[in-house]
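A quick write-up on the structure given underneath.
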Amino acid sequence: CSTTTQLSCRHGNQHTSSKKQVKHFTGVQGLPCIEKIVSSVDDNPEPINTDVTGRIPKWINGSFLRNGPGKFEIGNQRFNHWFDGMALLHQFKICNGQVTYKSRFLSSDSYQANSEHNRIAVSEFGTVTMPDPCKNFFQRFLSRFEIPKPTDNANVSFVTYKGDYYVSTETNIMHKVDPETLETTKKVDWSKFIAVNGATAHPHTEPDGTSYNMGNSYSGKGRAYYNIIRVPPTKSTEDETLEGATVLCSIPSADKTKPSYYHSFAMSKNYVVFIEQPIKMDLLKIVTGKLRGKSISAGFSWDPKLNTVFHLIHKQTGTVSSIKYVAKPMSTFHQINAYEEDGFLIVDMCASDDGQAIANYNIQNLRKSGEALDEVYNTLCRVFPRRFVLPLNVDDDTPYSQNLNQPGSSATAMRISQHKVFCTHEDLHGEDLHQYGGLEFPQINYGKYNTRPYRYFYGCGFRHLVGDTLIKMDLKGKRMKVWEHPGLYPSEPVFVPAPNATEEDDGVILSVVITPHKDKGTFLLVLDAKTFEEVGRAAVPVNIPYGFHGTFNATA
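My numbering puts the first residue of the sequence shown at 434, with every later residue one more than the last.
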């Protein structure tokens with residue numbers, strides 16, 4: 434699929450197949466097979482030297498930590514979904530212009546139980562475990578009535594709380610990890626500290642170290658609540674974890690037994706912004722899944738009849754704004770940034786007009802080739818960066834049915850009832866982003882510009898089921914710089930600021946590049962963040978599957 438491929442059905446034209454109606458969003462043909470990006474690999478706990486081409490700036494000193502699935506079969510059983518693979522942790526240690534690589538499977542309870550039984554012993558997002566063949570018929574029958582235990586296979590991201598590194602998924606279990614050895618040092622359960630059943634893998638951190646996150650809880654009457662969580666910035670003892678975590682507020686789900694799925698949330702200086710989207714989780718289906726032989730993912734559905742609702746929570750008081758900001762149905766996994774300016778809250782995110790993408794990312798689809806692969810891609814809605822502008826000072830005197838926003842943005846906000854403002858977005862891109870398949874895995878200069886006005890963000894272009902280009906977006910003029918090479922699939926770009934940086938894009942971009950058509954061709958790519966030109970690369974003589982999220986741990 435070359436850059437000139439025309440994404441012909443860009444605006445979601447309706448096509449029909451003979452079997453059933455399937456919506457096609459694009460008309461791409463001839464995508465190369467990338468099945469190697471979901472091939473199981475061995476871990477490499479001992480550091481391996483890499484082969485550096487170009488130069489790695491000597492001021493980069495620390496470890497680039499990455500997380501993602503690395504094992505897709507246990508014994509003769511296969512996982513169904515990309516999110517199910519066993520967590521493999523990666524470290525690219527950069528020092529004095531040299532890079533070493535190591536990786537280690539997360540020693541989770543799931544991983545250990547699977548290894549011990551040589552079969553899938555713990556249910557994952559898209560894979561339901563079958564009854565133990567060693568049990569008798571009656572025991573196997575009864576085991577179908579057990580509520581599935583949440584997995585601790587934390588394969589989504591590396592996060593920090595109180596200065597310590599953890600790996601996280603979206604259940605109640607995280608693992609504290611030594612960033613130096615990648616060894617698991619402690620299993621930590623959110624529900625032992627606060628009344629939540631899980632938390633996202635995308636917390637936000639203030640400059641002082643205070644962290645915010647979100648997690649669900651369920652009342653005795655079966656109602657679902659969304660909880661905003663705050664974790665203090667520092668430890669009082671060396672071995673403490675989430676002590677002192679509090680629930681800032683609880684927001685009841687619009688549909689009490691079908692809460693919305695959320696992967697992350699936005700945060701400005703004074704507000705946490707929770708986006709309640711029309712991707713619904715049917716709690717009854719999820720709880721009875723094992724009985725019916727269905728995975729958690731089967732309990733997810735997209736309801737385009739519902740609007741998207743923005744909830745604003747004041748971080749200092751925990752007060753939820755009585756004004757609800759609504760928008761047309763959309764799906765969002767990752768926010769870019771949010772900040773307050775002149776009485777408005779600007780929320781930038783990657784979003785699409787369809788929320789069925791999760792179901793398409795099963796491993797079988799990622800391993801397809803030819804027309805079958807094209808069909809999977811073309812039925813996925815593209816994701817684009819968007820800006821919403823929310824007026825903060827809505828009161829009894831605010832007029833109805835007129836745009837409350839200032840001319841600086843084409844995003845609109847219109848009061849439609851006493852406590853409701855209807856919002857439309859501004860595209861944070863030009864026409865040229867369409868030929869790169871949209872943008873996901875957004876990153877910014879987080880340390881200096883999160884919650885503040887900013888100019889640049891970085892992400893992956895998606896002309897395939899995974900990122901196949903790196904993109905730098907300049908919000909001044911919405912101009913793009915692109916890094917691309919046919920057959921190379923770069924992962925989430927992480928910005929590392931240069932020492933004594935004076936401008937927002939003074940620094941480098943780090944990305945792990947996967948080569949499914951070349952054995953052991955993986956490399957760490959270093960781009961000059963300003964010019965977006967390659968500075969150097971460090972080739973790793975191993976295969977690495979395509980991962981999810983990473984972070985840079987600077988060494989003093």
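Every residue gets a Cβ at the ideal spot worked out from N, C-alpha and C, and that includes glycine.
If you drop the 5 nearest sequence neighbours on each side, which residues of the same chain put their C-beta closer than 8 Å to that of residue i?
i, result
"serine 834", "Met847, Arg848 and Ile849"
"threonine 955", "Val945, Val946, Ile947, Thr948, Ala972, Val973, Val975, Asn976 and Ile977"
"valine 827", "Ile756, Leu837, Arg848 and Val854"
"valine 471", "Pro502, Phe505, Trp515, Gly518, Ile796, Leu799, Arg800, Pro978 and Tyr979"
Check this for me: beta carbons of residue i and residue j, under 8 Å apart or not?
i, j, result
"serine 536", "aspartate 484", "no"
"phenylalanine 626", "leucine 675", "yes"
"leucine 861", "methionine 906", "yes"
"histidine 1035", "threonine 614", "An answer regarding residue 1035 cannot be provided, because it is not within the stretch 434 to 989 covered by the chain."
"proline 612", "tyrosine 598", "yes"
"histidine 874", "lysine 914", "Rather than histidine, the amino acid found at residue 874 in this sequence is phenylalanine. No, the pair does not count as a contact, with Cβ atoms beyond the cut-off."
"alanine 657", "valine 592", "no"
"alanine 962", "valine 941", "yes"
"serine 644", "tyrosine 594", "yes"
"tryptophan 623", "glycine 653", "no"
"threonine 602", "asparagine 588", "yes"
"isoleucine 467", "histidine 852", "no"
"phenylalanine 458", "histidine 514", "no"
"proline 930", "glycine 892", "no"
"asparagine 986", "glycine 495", "yes"
"glycine 655", "lysine 691", "no"
"valine 621", "isoleucine 662", "no"
"proline 818", "leucine 872", "yes"
"asparagine 812", "valine 455", "The residue asked about is misnamed: residue 812 is threonine in this sequence, not asparagine. Cβ distance < 8 Å, so threonine 812 and valine 455 count as in contact."
"lysine 909", "glycine 863", "no"
"asparagine 660", "serine 590", "no"
"valine 610", "isoleucine 684", "no"
"valine 461", "aspartate 786", "no"
So, is residue i buried or exposed, given that buried needs 16 or more other C-beta atoms within 10 angstroms?
i, result
"arginine 488", "exposed"
"threonine 670", "exposed"
"glutamine 876", "buried"
"leucine 521", "buried"
"threonine 449", "Because threonine 449 sits at a pLDDT of 37, beneath the cut-off of 50, its placement in the model cannot be relied upon, and the point is left open."
"aspartate 865", "exposed"
"threonine 679", "exposed"
"asparagine 798", "buried"
"leucine 440", "Bear in mind that a pLDDT of 38 at leucine 440, under 50, signals an unreliable position, so the model cannot answer this."
"serine 755", "exposed"
"glutamate 804", "exposed"
"histidine 858", "buried"
"lysine 452", "Below a pLDDT of 50, predicted positions are generally treated as unreliable, and lysine 452, at 46, falls in that range; no measurement from the model is reported."
"aspartate 641", "exposed"
"leucine 717", "exposed"
"asparagine 482", "exposed"
"serine 730", "buried"
Which residues bound the alpha helix (DSSP H) around residue i?
i, result
"leucine 908", "First-last for leucine 908: undefined, no H or E at that position."
"arginine 725", "722-725"
"alanine 805", "803-811"
"isoleucine 942", "Not the alpha helix (DSSP H): isoleucine 942 falls in the beta strand (DSSP E), residues 940-947."
"lysine 963", "Lysine 963 -> no alpha helix (DSSP H), and no H or E assigned at all."
"asparagine 649", "Note, asparagine 649: premise wrong, no alpha helix (DSSP H); beta strand (DSSP E) at 644-651."
In chain order, what residues of the same chain lie with their CB nearer than 7 Å to the CB of residue i, ignoring the 5 residues before and after it?
i, result
"threonine 765", "Ile708, Gln710, Met782, Cys783 and Ala784"
"isoleucine 779", "Ala771, Tyr772, Arg820 and Val822"
"glycine 969", "Val485, Thr486, Gly487, Arg488, Ile489 and Val959"
"alanine 554", "Ala546, Asn547 and Thr562"
"serine 541", "Ala520, Asp585, Asn586, Ala587 and His608"
"isoleucine 712", "Ser693, Tyr694, Phe733, Trp735, Ser764 and Gly788"
So, at 6 Å on beta carbons, what are the nonlocal neighbours of residue i in its own chain, with the 5 sequence-adjacent residues on each side left out?
i, result
"histidine 696", "Phe766"
"phenylalanine 525", "Phe497, Val532, Tyr534 and Leu957"
"glycine 445", "Since pLDDT at glycine 445 reaches only 41, below the 50 mark, its modelled position is unreliable, and the value read off the structure follows with that caveat. Cβ within range, chain order: Phe458."
Could you spell out where the beta strand (DSSP E) holding residue i opens and where it closes?
i, result
"tyrosine 658", "657-664"
"valine 561", "That residue, valine 561, is in no beta strand (DSSP E); it is neither H nor E in DSSP."
"arginine 820", "817-824"
"valine 680", "679-685"
"glutamine 768", "764-774"
"aspartate 781", "777-785"
"alanine 760", "757-760"
Using a Cβ cut-off of 8 Å (strictly closer), state whether residue i contacts chain D.
i, result
"glycine 463", "The displayed structure is made up of one protein chain only, and chain D is not part of it."
- Message: For the pair the stretch 732-751 and the stretch 698-706, tell me if three or more CB-CB distances fall below 8 Å.
- Response: yes
- Task: State whether the stretch 824-840 contacts the stretch 784-796, with contact taken as three or more CB pairs (one from each stretch) at a distance under 8 Å.
- Result: no
- Any 3 or more C-beta pairs closer than 8 Å across the stretch 971-981 and the stretch 917-932: As far as the Cβ criterion goes, the stretch 971-981 touches the stretch 917-932, which means the pair count is three or higher.
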